[in-house]
Every structure is written in C-alpha cells, then in structure tokens.
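Using our numbering, count along the sequence shown one by one with no gaps and you end on 447. By construction, the Cβ of each residue, glycine as well, lies at the ideal position given by its N, Cα and C atoms. These notes are about the structure you will find just below.
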Amino acid sequence: MSKKNGIEALSRRAFLASAATVGAGALAAGPAFAQSALDGLLNAPRRGNWDDQFDAKAASRTATAVVSNTPILGPQSVASAQQAIMQYQQIASAGGWPEVNPGDQRLQLGVSHPAVQALRQRLAITGDLPREAGMSSAFDSYVDGAVKRFQARHGLPADGVLGEFTLKAMNIPADVRLQQLNTNIVRLQTFPEDLGRRHLMVNIPAAYVEAVEDGSVATRHTAVVGRLSRPTHLVNSKIYEVILNPYWTAPRSIVEKDIMPLMRKDPTYLEKNAIRLIDGKGNEVAPETVDWNGEAPNLMFRQDPGKINAMASTKINFYNKNGEYMHDTPQQGLFNKLMRFESSGCVRVQNVRDLTNWLLRETPGWSRQQMEQVIASGVNTPIKLAAEVPVYFVYISAWGMPDGIVQFRDDIYQMDGNAELALDTTAGMEQPVQ
14 MSKKNGIEAL
24 SRRAFLASAA
34 TVGAGALAAG
44 PAFAQSALDG
54 LLNAPRRGNW
64 DDQFDAKAAS
74 RTATAVVSNT
84 PILGPQSVAS
94 AQQAIMQYQQ
104 IASAGGWPEV
114 NPGDQRLQLG
124 VSHPAVQALR
134 QRLAITGDLP
144 REAGMSSAFD
154 SYVDGAVKRF
164 QARHGLPADG
174 VLGEFTLKAM
184 NIPADVRLQQ
194 LNTNIVRLQT
204 FPEDLGRRHL
214 MVNIPAAYVE
224 AVEDGSVATR
234 HTAVVGRLSR
244 PTHLVNSKIY
254 EVILNPYWTA
264 PRSIVEKDIM
274 PLMRKDPTYL
284 EKNAIRLIDG
294 KGNEVAPETV
304 DWNGEAPNLM
314 FRQDPGKINA
324 MASTKINFYN
334 KNGEYMHDTP
344 QQGLFNKLMR
354 FESSGCVRVQ
364 NVRDLTNWLL
374 RETPGWSRQQ
384 MEQVIASGVN
394 TPIKLAAEVP
404 VYFVYISAWG
414 MPDGIVQFRD
424 DIYQMDGNAE
434 LALDTTAGME
444 QPVQ
C-alpha cells in the first residue's frame, strides 16, 4: 500500500474494523457538504471557472441511477455480461483510461485541481460522466454526480469524495476489469435461466441478498458473510424452515477458537451470555466442572433465545453439509461497514424480518402481525415452509445489467485470478456473542 503524508494507508478491512459506521457516516455527511459547497460557490460574486459548471439536474446522476429491480441471476444475465464485455473490450483496445493521481489533494466537490481533468476523462470513458460536462479542472456537480455513480457501481459509499478506496477501484486497469468480467460470465453460464418463481440469491462478494419473485427483485438486503479464513460456501439448496426466537448452538470451530479462550479469561462468560452446556443425554452441565485449559469438551454450547442471542430474532435454515444458515444479529452496526466479511461462514441479514415475511407469505397462518407477536413472546418457534424456496449462494464479482450498468466488487476470496482485484485482508477473531 502507498504512504500518504507519512502515514501508511490501512487496508480497507483494517481501516473499517476500527470504524464500523464509516459507510453510514459518509453517506450522511456527503449531501450536507455538497449542498454547503454548492451554496457557497453559487452565491460567490465571482465564480471564475465555475461559471456554467453547475446543473441542478446533475444531482440526479447519483447512486440511485444504478439501482435496478432486475436480479443478478436470470434469463438476461449472460447477455448483459456479454454486453459489458464488449464495452470493456472496446475501452481496453482504445488504451483504457488514465490513472487518477491527485497526490495529497482530497478531490471532492468545490476543489479545483489539475487531476480533476484526468478524473473527468476516466469517468467519461466508463459512461459515469456525460461527455458534455467538458474537461475543466473544477470538481463541479457533474463530477460529483459521476463519482457517486461510480462508487455505487463498485459497492462503495456514494459520498462523492475521492478517498483511498474509491481511488484504488478507479485505478484498476481496464484490461484487468475485462478479465474480471470474462471470469464471471463463466460463472453466470453455470446457472439455468429458470431458478424458480420465488428464490433467494446471496452474492458473497457483494455481501447482499436478493429475494426474487416472478423475475423481479422483491426485496434486497445488506448482508455480512464469511471472512477469508472462514468463507461462506457456494451452495444450490432450498430453504425449508424459519425459526423465530432461535436457540443458538455454537459450532465446534467457534467453541475451540473463540469460546475456550474467552472462558480462560473470564469464567463467567457463558453465564453472562446465557449459554448453557448440554450433554448427549440432554442434561445441563455446570461450567465450573469443565477444565477450560484443556481440550474443548464434547458438549453442546446452546444459547437461550433473547436479545443477546447471536441470531437475535430469526434463523433461516437451508439444506447444506457445512452447518451454515442465515440469521438476524444483535450487532446491527455491522451492516454499516463497507467491508462486511466478518462471520464464520453463516450469513447475517439486515432487516431480516422483511425477508422472513416474504419467505412465509405462502405458508398459511403466518401474517406479518402473527410473526411479530411470536417474536415479542420470546418463545422458540420453528416454522416449516409450506413450499421450500430455492436459495443460491454465488460468487459474482462483476456483472452487467440490461440497461448497460456494469457492476464490480472486490475479489474478497481471491478467486478471480488477479491480485489487483483481491483485498489486503487481516484475520480477526469473531466474538460469537456480544
């Protein structure tokens, strides 16, 4: 990584580990700053080279322009990817795009800097900036909208500021992006056009979930998926059950790697977190009878339902050999992170009750009101779906849409064959319960 002002730049993951709300903060602060800068410049008696560089319509060229109800997987997926490949082949054949190098200057709305000309050219080549915006050195509303659109296409907070992570994504060469698209179209070609009238897709590198009904995205959810050392597995399966107020049973890996060391440090950890030890006959075992300095005991570590439960209100079960599932979480702040690769393989889902309501829609007796009443009761309640829902855990890090929008994500699991696309990750220890 490069050094800036003598301070070594942090990897995206290391930086965000200490700033859980960076994404939300940037999104909240960006519009306010943009409006302030606009007002100041528009009201200035002499705007210099800013004349004619502002357009009220430019505000519409933002992240919302890349949102689509078309699912990533579907009848149009391969054709859209082929369209994207043709576009990037033309870009690469023409020499790609210029590198944007602002030095120590932070490029954002209101700045005038020579590097903005290269930025304009870079954004125009990929269609993020209208050609009529010109090649001024001014970071105006056209550039602001174009940067936000670029950020949204790359899964970055659309704050309009050319920070470290946006700059890194922007300077990946065109031929590398073309290679990424070629790698991903092969993955897309493995899926049938008909994935089921109602189905769920979890895209691991994008860290989000799509619930698809009749060919359109019914609801989309931010997710937290497995980190590199404990990845979420690719599966084609079916969701068969939703459990409200679930017990959480710690996997053996978490018992060995996380809970055992925590018990050595704090013998009251299990009690504080409502975790009970259950033997093979269903009897509860007292924690003080276990040697926590030895090997992990052959016992079930089961957490009672409740607000501090690792799965909070909901668990969604699907058939798989890895013991993975989807679930709620008491740590809602995790969804504000830019890098959401923190779990031990299971998938945490934001606004999971909306997803659960969608899953239960065709199961008689389970209205949203009934579901909420059961959750409020705190009673463990397994519910078998009347019709199992297909679910696909996929690894699609680059894809196109029928409207020509091309999306890219970081190659978190280093599966795309080029180091420039993979993150500089650090291995942290997940706390099973907070």
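Endpoints, the beta strand (DSSP E) within which residue i is located
i, result
"PHE348", "Premise fails: PHE348 is in no beta strand (DSSP E) and is neither H nor E."
"SER451", "Any question about residue 451 goes unanswered here, given that the chain covers just 14 to 447."
"ILE291", "288-291"
"ALA137", "Here ALA137 belongs to no beta strand (DSSP E); instead the alpha helix (DSSP H) covers 128-138."
"VAL303", "Note, VAL303: premise wrong, no beta strand (DSSP E); not H, not E."
"ALA399", "394-407"
"LEU201", "That residue, LEU201, is in no beta strand (DSSP E); its alpha helix (DSSP H) goes 187-201."
"ASN216", "211-216"
For residue i, the first and last residue of its enclosing alpha helix (DSSP H)
i, result
"PHE178", "177-183"
"ASN330", "Where ASN330 is concerned, there is no enclosing alpha helix (DSSP H), although the beta strand (DSSP E) it sits in stretches over 327-331."
"GLU284", "282-285"
"PRO274", "273-278"
"ALA224", "ALA224 -> not in any alpha helix (DSSP H); beta strand (DSSP E) instead, spanning 221-226."
"ARG233", "That residue, ARG233, is in no alpha helix (DSSP H); its beta strand (DSSP E) goes 229-239."
"ALA411", "Not the alpha helix (DSSP H): ALA411 falls in the beta strand (DSSP E), residues 411-413."
"VAL1", "The first residue shown for the chain is 14 and the last is 447, placing residue 1 beyond what the model contains."
"GLN103", "90-106"
Closest residue to residue i among the options (Cα-Cα distance)
i, options, result
"VAL222", "HIS212, ALA236, ARG211", "ALA236"
"LYS334", "SER250, GLY307, PRO310, VAL402", "SER250"
"GLN344", "TYR332, ILE418, ALA323", "ALA323"
"LEU191", "GLY417, TRP412, MET428", "TRP412"
"GLN202", "PHE421, SER93, GLY228", "SER93"
"GLN164", "PHE331, ASN370, SER149, LYS181", "LYS181"
"ILE418", "ALA97, ALA220, LYS278", "ALA97"
"GLN316", "TYR260, MET148, SER390, TRP110", "TYR260"
"GLY293", "MET313, LYS278, ASN306", "MET313"
"VAL160", "GLY140, VAL91, VAL387", "GLY140"
"GLY228", "MET384, THR376, SER90, TYR155", "SER90"
"ALA325", "GLY295, ARG361, ASN306, ASN311", "ARG361"
Beta carbon of residue i nearer than 8 Å to that of residue j
i, j, result
"LEU122", "ASP157", "yes"
"LEU283", "MET276", "yes"
"ARG133", "LEU142", "yes"
"VAL8", "THR327", "Coverage of the chain is limited to positions 14 through 447, which leaves residue 8 absent and any answer about it impossible."
"SER357", "SER266", "yes"
"ASP424", "PRO218", "yes"
"HIS212", "GLU337", "no"
"PRO84", "VAL189", "no"
"GLN420", "ARG166", "yes"
"LEU373", "ILE396", "yes"
"VAL79", "ARG210", "no"
"TYR405", "MET214", "yes"
"PRO115", "LEU169", "no"
"VAL238", "ARG353", "yes"
"TYR101", "LEU194", "yes"
"ALA137", "VAL113", "no"
Residue i, buried or exposed, once every other Cβ within 10 Å from all chains shown has been counted against 16
i, result
"SER410", "buried"
"PRO127", "exposed"
"GLU145", "exposed"
"ALA432", "exposed"
"ASP153", "buried"
"GLU355", "buried"
"LYS350", "buried"
"ALA220", "buried"
"LEU434", "buried"
"GLY87", "buried"
"MET339", "buried"
"ALA389", "exposed"
"ASP304", "exposed"
"THR281", "exposed"
Proximal residues to residue i (C-beta, below 7 Å), its chain only, five neighbours per side dropped
i, result
"THR196", "ASP429, GLY430"
"VAL392", "ASN258"
"GLU254", "ASN330, PRO395, ILE396, LYS397, LEU398"
"GLU375", "ALA399, ALA400"
Heavy atom of the ligand MG within 7 Å of residue i beta-carbon
i, result
"ARG381", "Ligands in the displayed structure: none, and consequently the ligand MG is not present."
8 Å CB neighbourhood of residue i in its chain, flanking five on each side removed
i, result
"TYR408", "ARG200, ASN216, ILE217, PRO218, LEU247, TYR426, MET428"
"VAL230", "SER81, ASN82, THR83, PRO84, GLU223, ALA224"
"GLU297", "ARG289, LEU290, ILE291"
"ASN308", "The question names Asn, yet the displayed sequence has Glu at residue 308. Closer than 8 Å at Cβ, skipping near neighbours: no residue."
"VAL402", "GLY209, ARG211, HIS212, LEU213, LYS251, ILE252, LEU372"
"ALA299", "LEU290"
"GLN363", "HIS234, THR235, ALA236, GLN345, PHE348"
"PRO318", "ASN258, PRO259, TYR260, GLY391, VAL392, ASN393"
Spatial neighbours of residue i in its chain, beta-carbon cut-off 6 Å, leaving aside the 5 residues before and after
i, result
"TRP379", "LEU373"
"ILE198", "ALA94"
"ALA105", "ALA187, ASP188, LEU191"
"VAL387", "LEU257, THR394"
"ASP416", "none"
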